[in-house]
Amino acid sequence: MTQPVIREVALTGPGSGPYAITVGPDGALWLTLAGSGGVARLGLDGEVRTYRADPPESRPLIITTGPDGALWYTRSGDHRLGRITVDGETGSVALPPGCAPCGLVAGPDGALWYAGMGDDTVGRVTVDGAVTTFPLPVAKAFPSMLAVGPDEALWLTLNQANAIARVDLDGSVRVHPLPTEAAGPVGITRGGDGALWFVEIGAGQLGRITPDGRIDEFPLPDRTSRPHAIVADPAGGCWFTEWAANRVAHVAPDGHVTAHDLPTPASEPHGLTVTPDASVWAALETGAVAHLAPLHPPAPTR
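Start counting the sequence shown at 125; every next residue gets the next number (our numbering).
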């Protein structure tokens, strides 16, 4: 892999707290603003638009494209799902009080699924606003992030229960404890190798779990780096953020890690996404985004 060119792009400034990022149906980048409330759009032409109709205390976290082609995001501070179209029309769906939703993913059943950090639940929300919740069999688990596995089940990190949960579409749950104590799993993604990859923020490790429940862990070179979010890349590996170390790093399918320092100290990288051109964009809590490109080797010479 060639070394990426890294640059930072100003977005919404200090205090806005960009947290998660995704590629929208319009090809633009959409981000949640955990500090100020609302979302931001970074267009392909570099134009930045902000949408801040939500209360500042709504604390939006994860954002994804829904089955209806709109952007949906969790509002952990006021227990709602926010919705915004690519044209800027906004709305929201009320969730159970106290659920504090974090992770969010479009399920294989045409609904949205969220992780209820505050009430140890997994919730299902249809695009017309019908909400169904399923309790987890673990108390004070602090469910954090979600991914759809190759088995079409939901896979969920249980940050305080130190486990990964598998949730069927009917709400049945199987819990897989992690080998390392106090590992604190957070981000999770479906890898290109038929497994789920996740980060252990407390242990400074990456983890890999197969659909049959086999778990492997990979200690990072810097165990104090506080890995936070992870996303698969088209080449079969994954990219992840090292929040405390101010880095974005890549893990190959064999567990080999390559890290890249960000240019601005203490920029606090959180969520990240890979765009169709195979470059990586990471949300920086200080109010900007980092762009890493190119991320693929040059074509061989003839």
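All C-beta atoms in this analysis are idealised placements derived from N, C-alpha and C, irrespective of residue type, glycine included.
Item: Residue from Gln329, Ala152, Val398, Ile288 whose Cα sits closest to the Cα of Gly379; Value: Gln329
Item: Beta-ladder partner(s) of Thr281, from DSSP; Value: Ile288
Item: Leu168, buried or exposed, once every other Cβ within 10 Å from all chains shown has been counted against 16; Value: exposed
Item: Whole runs of the beta strand (DSSP E) within the stretch 323-350, excluding any shorter than 3 residues; Value: 329-333, 339-343
Item: Element boundaries [beta strand (DSSP E), containing Phe258]; Value: 255-259
Item: Assigned secondary structure, Glu366 (DSSP; H/G/I helix, E/B strand, else coil); Value: strand
Item: Cβ pair Gly161, Asp178 closer than 7 Å; Value: yes
Item: Boundaries of the beta strand (DSSP E) in which Gly240 is found, first to last residue; Value: 236-240
Item: Extent of the continuous beta strand (DSSP E) to which Asp385 belongs; Value: 381-385
Item: Sheet register partners of Ile130 (DSSP bridge); Value: Leu416
Item: C-alpha gap between Ala407 and Gly206, whole angstroms; Value: 19 Å
Item: Minimum Cβ-Cβ distance from Ala218 to chain B less than 7 Å; Value: In the structure shown, chain B cannot be found, because there is only a single protein chain.
Item: Among Asp150, Gly148, Ala164, Pro149, the one whose alpha carbon lies nearest that of Gly411; Value: Ala164
Item: Contact the stretch 354-367 vs the stretch 298-307: 3+ CB pairs below 8 Å; Value: no
Item: Own chain partners of Arg173 with C-beta closer than 8 Å, once the 5 adjacent residues on each side are dropped; Value: Ala164, Arg165, Gly167, Gly212
Item: Residues that DSSP places opposite Pro142 in a beta bridge; Value: Leu157
Item: Contact check, His374 vs Trp363, beta carbons under 7 Å; Value: yes
Item: Alpha-carbon spacing of Trp405 relative to Thr281, whole angstroms; Value: 23 Å
Item: Burial state of Pro389, where buried means 16 or more other Cβ atoms lie within 10 Å; Value: exposed
Item: Three-state class that DSSP yields for Ser182 in the structure shown; Value: helix
Item: Residue interval of the beta strand (DSSP E) (run including Cys226); Value: 225-230
Item: Segment limits, beta strand (DSSP E) that includes Arg207; Value: 204-208
Item: Span separating the alpha-carbon of Ala152 from that of Asn286; Value: 35 Å
Item: Cβ neighbour criterion (16 or more within 10 Å) applied to Asp244; Value: buried
Item: Per DSSP, cross-strand counterpart(s) of Thr189; Value: Leu195
Item: Glu392, buried or exposed, once every other Cβ within 10 Å from all chains shown has been counted against 16; Value: buried
Item: As assigned by DSSP and simplified to three states, the class of Ser268; Value: strand
Item: Distance CB(Ser182)-CB(Gly159) smaller than 7 Å; Value: no
Item: Spatial neighbours of Pro345 in its chain, beta-carbon cut-off 8 Å, leaving aside the 5 residues before and after; Value: Val381, Ala383
Item: Residues near Gly315 by beta carbon distance below 7 Å, same chain, minus five either side; Value: Trp321, Ala356, Cys362
Item: Distance between Glu341 and Ala230 (C-alpha atoms, nearest Å); Value: 27 Å
Item: Pairwise C-alpha distance: Glu324 and Trp279; Value: 15 Å
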